[in-house]
Structures are given as C-alpha cells and as structure tokens.
C-alpha cells in the first residue's frame, strides 16, 4: 500500500508539472482545451494525493513499523485518536497534508468559480500546481513519508506525550488550513497580474477565501494557545516563541488585507498595496512552515542537517520574485482612481490600521530573526526575550484597539464635525466612564487601564451600531426589535459579522491586559500542610496538600498530587496535578516525564497548579501555583471571533446585489438614522 | 495653504515608524543577551575580565551524573559542557520535566568570578524529539519552560 502511495506522489509530481506549464500556455494563448486540461489536472492531483494520504493513514493504523515515519511517531499502545493525529506530528506527514489541502482548496476554488473569470482560471490552476509541485518535490526528493527502514522494529517510538492532547489534534490542521488556503488568493493575485485583468473581479473571487484563511488561522492560533496553556505547564499561553510568531505574522497581514480591501472596493485606492498584502501573506505562510520545520531560529546549525529547509528557502525566494516581480511589472496599471481627501475619514482610519498591523508584523519578524541576524552580522548570537516584544507590541496593540473603535464610526471621504459629534458621543462616554472607574478603584497597571478604557470605547461603538441599525429597521419596516436585529445582521453580514469579530478582539485584549495581574508562587508542602495565596481580587485561596499517589493508567505511569482548595473559606474543589511517565508497549519508560496541570477556571481568574515533583521517597510535594486573571476570556474571545467570522462568511447576502446595494448607500442604516 | 491629506498621513506614519524603531532598539538593548557556548564564554572571559557577572545565555549539555538536587532549598547544581569547556551551574527553582542527564539546556544568568554560573532560568530542550534529528529544535513546539 505504501508503494501505491509513493507512486501516487510521483504521478502527482508530473501531473502538477504538466498543469503548471499548460496553465500558463493556456493563459497566454486563450486555448480553451489547454485551460480545461490544466483545471482537470488539479482535480487529478487531488485524487492522487487522497490516495497517498489514505496509504499513509493505513500504514499508521495497521502499525506498519517498517515505514520509517510510522515507527518514528506511533507505537502499538498509542490510542487510535492520536494515531490519527500522528499523520501530521512529523515533517513528512505534514508536507503530505499541506499538499493535499492545497489541492483540495484549489479544486474547490476552480469548482466554485466554474465558468467565471475565464481569463484568470488557467493562471490560477498553473500557480496552484506550482505550489503542489514544490511540496511534492520536497517529499519525493528529500522527505518521503513512505520511506522504508532496512529492518522492521517490533514497536514504534511512540508519539511525544506533549502531543497527546486534544488541542494538538486540532491545532496543527487548523493552522495548516489557514496557511494553505492563502495559496488560492495568491494564485488569483498572480493570475490577475499575469492576465492584466486588474479590475475588482479578482478581488470578488478571493474576498471570501481570504476570510476563510483568516478564520482558520485565528482558530489555529487560539487552539495553539490553549494547548500551550493546558499542556506545557509554564502558566501562560503566549511566549513570543518563534513558532508562535510564525503563525501570527500571516494573521497580521491577512487582517490588514481584510480591511484595506474595503477601501479598494469602495474608493478604488490601495490596489498595489492589496496585491502586495496577498503576496506577502502567502510568503509569510510559507515562511511560517519553514520556521517550524527547519529549526533555523532555535539552532542555526541544525539547518544544514535537513535539506528540507533549503527547499523551503528556494521556494520562498522564487515565490517572492514571482509575486513582487509581477507587481512591479504591472505597477503603472495599478494607479489609484482617487486621492485621499482627508486623514479624518474612514480611509484615513483604515490606512493607519493597516500601517500599524504591518508595523507589528515587521517588529515581530525582525525580533524573531534577531538571533540569526546578529550572528550573521556580528558573529555573536544575541537573543531577545518576550519583554522586548511586549515593549513594542503593547503600545501598538493599544493604538490598534483605538482604531478598531474609530474606524466604523467615521464617515468615508471626509468626516464633518457633526458626523464626529453624533458618532463619537456615546462610545467616548463609555471610555471615559470606564477609565475613571478603574482609576477610582486604583487599578495599578497603566497599560491595562488604557486597554480596558479603549475596550469600552470599541464595545460602545459596536453596541451603538447595532442599536441604531435595529432602530432604523424598526422605524422603516415596522419590524419587532428582535426581528429587526436578526434581519439587520442577516442583510449586512459582512459589516455586522465584522463588528462581532471586533467584540471578540476586545475580549482578547481584556484577557491580555489581565496578565499584568498574574501571580505566581512555588511551595513545598508535606501532607496536611497548607499555603495561602492572595488573588488580585483580594480573595484568599487556602490550599492544603492531601498527598501523593502512584498508579498505572493507559500508556503511562502516573504520580499524582492532590490539594483541597478553599476560596475565602469556601470549598471549591480538590485539584489533582500529575507527573506522567509514558511507557512503551513493553512497559519500559519512553520520553521524558510530562506534566498534567490542574486548572480551576472561571470568568474572573484561573487557579493553575503544577505538581513539580515529590521529595524522594516521601509524600512531600513541590507545587507551582499561578493565579491567572481573565484567561477564560481568551478562549471565549476566540469563539466570538470565530462566530463573527462565520457570520461574515455565511452565504446568501454576499452576491452582487448586496454589494451594489451597499455601494448605493455607503453609510448604511446609520446615515438614515442621522438624516 | 492647508496640508494635503497624503502629506498628513505620511507625517503620522513616520511618527509611528520612528516610535516603533526607538522601542525596538531599546527593547533589544534592554533584553538582548549574548547566547554563547561554554567555549565562547571562556574565550570572552580570557579576553575581557569584566565579562564576569554580565547577563548571558549559555547553551550546553548536562554532564552525565553531575546533577544534584536539594529539594528543601530548591537548589539544583550540575555541570554544563560543550565538550571542550565545562562550567558548574547553580540554579534555584523548579527544573522542567525534560531536565535530565545529557540533555541540551539553555541557562540564563551570570558567570561569577569564582567560575560558577548562577542561572536564573533553565530551559531544557527535548532530549528525544518531536523530530528525529538529534539536537534539532522541536518542530512546531515551543521548548519546555520553567
């Protein structure tokens, strides 16, 4: 079966080569039969990659340990659930998943746009085929998942216990879906540049795609944070680790694009910028995969050990030359139709929004690469820690939050003083009241205070938009308020979905600001001994060590320590944290021990207890106890964000009629209320 | 004559960029630390004695059998080597799960003039792997932290 998989990969390689050549020729010569051949090749590639994926999955599930990948990432006693996820636990399987997902998205894009954008689709097929050529070439020439060993080990090495977590089952594919789906907008951008069809047609084709990519990336990032928080046991969810940053970079450029595309649709500005953002997002998604898969940051020396890194680097350079080269070639065709009239306008707010998002991306990019740059330039590696990232990104994030509030309120073209007064009165009041109240209760952290005040401003903006829109529908159509609200959102999904996303962002910012009040202590307790921990709310947690027990469970040997927890004298539960020593199928220890964290979570704060180990041969235990305020808001903020994205994406109201209606009444219902 | 909107935006943008440039520079200056191997550290010390007591990161491997733990004071001592140069390390706090004999560690702290390295943080790279290549950074994962 793995032979079939291997053959399928090779055929994919040649079909993809064919499709890329034929697609470009079809684009230039407008020969329909060649265009059809290129498009069909994409579907064929998809079928072949499905065969390859099934072959690998079968090898994993049947424990074919003669296959190197299977032996390296699974074992007989690995639960089936995680055997599935070991498909993408390693580099080789990830590459296959990448290629499969690119071809899936490519097929869907071609099906959805069947009969439309006739001048673009051959180029789109060709560009996607090149992406697949790259991934399949990397597999067959450097990192083949079907590679066999010279012998058959009796059991595999098993999956790293830290990856045996539900978060890790869903987090990587979500990120991959986000990374890969950017290939489609990239392909359309390249097609638009090549064909010279640079009107808004290609933008309409990819508007939804970019949102899909953005949604997957957002979910992937939040799931990754959740995994780090519950599994790694260091008490946080974001540490500006190179790998985290790698997923954050394309998210920033995608977010910028989702905003700037509105300016191009409404005002015919920023055409070059938008193409640049799409190309940049694609490059950053490849770069993200490159970072995670090559280890170039953590260890420069490991770079030479895996030539997969070189494949990525070469592809990255080629894609950059292609994308930006074409952009430079078509530069004169991409002049703006109008000029910016006033900085105090929707366009102005969006321009600053884009500027800040891109500046954040640049700062994160350079700080992440700083160890490599310093070693290359000065011969000494200098590393920068999370404080440097925070120093730059906290003020930028706050500026962005401010713009999140301003953007939706301000009129297109040029805001009049009346427009400003009418729109800003209530949100600014909310902001001031929040700031004054927090100052009154002596919130000690200045940045956090600003974050909550600005959060109140954005919430004020969003609520005002919903209220005014609903009232307008009520007055115009005599609808009941709830019906008016539902129809309001239903008829303007992109706009109101966007506002829901903004609410999600406020929740996330509120959670981040809460980190300023985190508290951490380490204690050693004998059974029966207690420790008191103060929370930022002034509560007292009384934590009593119960004892240490040891037992075997599933595929691991567990040492568990339990504590009884009282909050202000009231019992809230017994919390158990574990040290796990995973075992192979012969009962021998495998991997280093891992930790299962005990977390008591509510909307206000998390009590996060890590059992760090017992004193040799006794039940005296060492604990690290962390109080993490508002962590809950990260997960639910992520959910709200995703819900907003889904509302925006939901099919139905995004057709040309809805789009033209929006253009006809640019300020929407708010203008009618004001009139 | 009133300023054009474009000019205003460029001025505003330049202000943002200048601020960020300044913040990045000061961030790197304040938190940037040298990342050295024991051999490189020894070379620096020989060249410049004032390099004692400067905050650095050192990447090295734990010498087999050198770890001692004192649970009561939560003190861990071990020797860290890159094969040619070895330094004794003292660390107060909880060691990560992955910290055992012969793992690669990154310690952040200061080399005292008595030749011991006082670490304030201790990171252990995964001795086994997410990826098979030995010594390679764990793919897709942050390192275990303390």
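Protein chains in written order, with my numbering: chain A, 1 to 675; chain B, 1001 to 1146.
Cβ coordinates follow ideal geometry from the N, Cα and C atoms, glycine included.
Any chain B beta carbon closer than 8 angstroms to residue i
i: residue 587 of chain A; result: no
i: residue 356 of chain A; result: yes
i: residue 380 of chain A; result: yes
i: residue 348 of chain A; result: yes
i: residue 339 of chain A; result: yes
i: residue 391 of chain A; result: yes
i: residue 615 of chain A; result: yes
i: residue 255 of chain A; result: no
i: residue 520 of chain A; result: no
i: residue 437 of chain A; result: no
i: residue 524 of chain A; result: yes
Pair within 8 angstroms by beta-carbon distance, residue i and residue j
i: residue 1102 of chain B; j: residue 1062 of chain B; result: yes
i: residue 635 of chain A; j: residue 226 of chain A; result: yes
i: residue 264 of chain A; j: residue 368 of chain A; result: no
i: residue 260 of chain A; j: residue 362 of chain A; result: no
i: residue 120 of chain A; j: residue 188 of chain A; result: yes
i: residue 523 of chain A; j: residue 623 of chain A; result: yes
i: residue 256 of chain A; j: residue 401 of chain A; result: no
i: residue 5 of chain A; j: residue 55 of chain A; result: yes
i: residue 1080 of chain B; j: residue 1060 of chain B; result: yes
Proximity test, Cβ basis, 8 angstroms: residue i and chain A
i: residue 1110 of chain B; result: no
i: residue 1082 of chain B; result: no
i: residue 1097 of chain B; result: yes
i: residue 1014 of chain B; result: no
i: residue 1017 of chain B; result: yes
i: residue 1026 of chain B; result: yes
i: residue 1057 of chain B; result: yes
i: residue 1051 of chain B; result: no
i: residue 1009 of chain B; result: yes
i: residue 1032 of chain B; result: yes
i: residue 1065 of chain B; result: no
i: residue 1023 of chain B; result: yes
i: residue 1054 of chain B; result: no
Straight-line gap, residue i to residue j (C-alpha atoms, nearest Å)
i: residue 132 of chain A; j: residue 649 of chain A; result: 27 angstroms
i: residue 1149 of chain B; j: residue 1106 of chain B; result: Not covered by the structure: residue 1149 of chain B. The range shown for chain B is 1001 to 1146.
i: residue 371 of chain A; j: residue 1030 of chain B; result: 15 angstroms
i: residue 305 of chain A; j: residue 312 of chain A; result: Annotation note: pLDDT 48 at residue 305 of chain A (below 50); position unreliable, coordinate value reported separately. Looking at the two C-alpha atoms, the distance is approximately 14 angstroms.
i: residue 36 of chain A; j: residue 122 of chain A; result: 8 angstroms
i: residue 595 of chain A; j: residue 159 of chain A; result: 15 angstroms
i: residue 1113 of chain B; j: residue 374 of chain A; result: 27 angstroms
i: residue 645 of chain A; j: residue 602 of chain A; result: 25 angstroms
i: residue 50 of chain A; j: residue 100 of chain A; result: 7 angstroms
i: residue 17 of chain A; j: residue 92 of chain A; result: 21 angstroms
i: residue 1118 of chain B; j: residue 593 of chain A; result: 26 angstroms
i: residue 625 of chain A; j: residue 578 of chain A; result: 14 angstroms
i: residue 94 of chain A; j: residue 168 of chain A; result: 13 angstroms
i: residue 396 of chain A; j: residue 66 of chain A; result: 52 angstroms
i: residue 338 of chain A; j: residue 1018 of chain B; result: 28 angstroms
i: residue 43 of chain A; j: residue 102 of chain A; result: 11 angstroms
i: residue 1077 of chain B; j: residue 1040 of chain B; result: 21 angstroms
i: residue 1026 of chain B; j: residue 530 of chain A; result: 43 angstroms
i: residue 428 of chain A; j: residue 329 of chain A; result: 46 angstroms
i: residue 285 of chain A; j: residue 463 of chain A; result: 35 angstroms
i: residue 1006 of chain B; j: residue 262 of chain A; result: 19 angstroms
Cross-strand partners of residue i (DSSP beta bridge)
i: residue 547 of chain A; result: A/562
i: residue 427 of chain A; result: According to DSSP, residue 427 of chain A bridges with nothing at all.
i: residue 577 of chain A; result: A/561
i: residue 1088 of chain B; result: B/1079
i: residue 1062 of chain B; result: B/1080
i: residue 531 of chain A; result: A/543
i: residue 680 of chain A; result: Since the first residue of chain A shown is 1 and the last is 675, residue 680 of chain A is not available in this structure.
8 angstroms contact criterion, which residue i and residue j should meet: CB distance rounded
i: residue 642 of chain A; j: residue 215 of chain A; result: 6 angstroms
i: residue 408 of chain A; j: residue 278 of chain A; result: That belief does not hold up - the Cβ atoms of residue 408 of chain A and residue 278 of chain A are roughly 24 angstroms apart, past 8 angstroms.
i: residue 532 of chain A; j: residue 545 of chain A; result: The Cβ separation is near 13 angstroms, so there is no contact.
i: residue 183 of chain A; j: residue 134 of chain A; result: Going by Cβ atoms, the distance from residue 183 of chain A to residue 134 of chain A rounds to 10 angstroms, so no, they are not a contact pair.
i: residue 75 of chain A; j: residue 178 of chain A; result: With a Cβ gap of about 30 angstroms, residue 75 of chain A and residue 178 of chain A do not count as contacting.
i: residue 1153 of chain B; j: residue 563 of chain A; result: Nothing in the structure corresponds to residue 1153 of chain B, since chain B is present only between 1001 and 1146.
Heavy atom of the ligand MN within 7 angstroms of residue i beta-carbon
i: residue 190 of chain A; result: The model on display carries no ligand, and the ligand MN is accordingly not part of it.
Proximal chain D residues relative to residue i, where beta-carbon distance stays under 7 angstroms
i: residue 1100 of chain B; result: Given the protein chain composition of this structure (A and B), no chain D is represented.
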